[in-house]
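What follows is one structure encoded as structure tokens, with my remarks underneath.
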Amino acid sequence: MARAADTSSPPSGDAASNSPQEPTSKRDSEYWLEDGNIVLTAGQTAFRLYKGLLSRQSGVFRDMFAAADPDVDATVEGCPALHLSDSPEDLRALLQTLVPTERRHVYLPDQQVHIQ
1 MARAADTSSP PSGDAASNSP QEPTSKRDSE YWLEDGNIVL TAGQTAFRLY KGLLSRQSGV
61 FRDMFAAADP DVDATVEGCP ALHLSDSPED LRALLQTLVP TERRHVYLPD QQVHIQ
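Quick look at the structure:
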């Protein structure tokens, strides 16, 4: 998962040129958490999640967040935002593994265990 360079230009106007531009994207229906504290965008889709949880679940996210420059990166609704080069579908599939939003069942040969 690679972080893409921000090629967007800030909106015109003196006040706007002093602050990062908020990207225009649609919220992911499954992974937009109102109290999340990091926004990841893939294509035109935004995912609002918990930075600490992603860092604990993935060394790639941990390293990405550590390397992020808050003075350069954009914000979305007050949250730091990182743009990824992955497709929204690929990022959603990864998040479904790292941060499932529904109960999952694990099949064992002799029994079924319900995980909450």
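Numbering-wise (the UniProt record's numbering), the sequence shown opens with residue 1 and increments by one. The beta carbon of each residue, even a glycine, is placed where N, CA and C say it ideally should be.
Residue i versus the options, residue with shortest Cα-Cα distance
i: Gly52; options: Asp35, Thr75, Ala42 and Ala46; result: Asp35
i: Phe61; options: Thr24, Leu82, Glu30 and Ala46; result: Leu82
i: Val39; options: Thr97, Leu91 and Pro100; result: Leu91
i: Cys79; options: Arg27, Ser25, Asp86 and Asn37; result: Asn37
i: Asp86; options: Gln44, Arg27 and Ser29; result: Gln44
i: Lys26; options: Asp69, Glu77 and Glu102; result: Glu77
Residue i vs residue j beta-carbon contact at 7 Å
i: Phe65; j: Ser55; result: yes
i: Leu98; j: Ser58; result: yes
i: Pro100; j: Ala42; result: no
i: Tyr50; j: Leu95; result: no
Would you list, in sequence order, the uninterrupted alpha helix (DSSP H) runs of no fewer than 4 residues that lie entirely inside the UniProt domain "BTB" (36-98)?
51-57, 59-67 and 88-98
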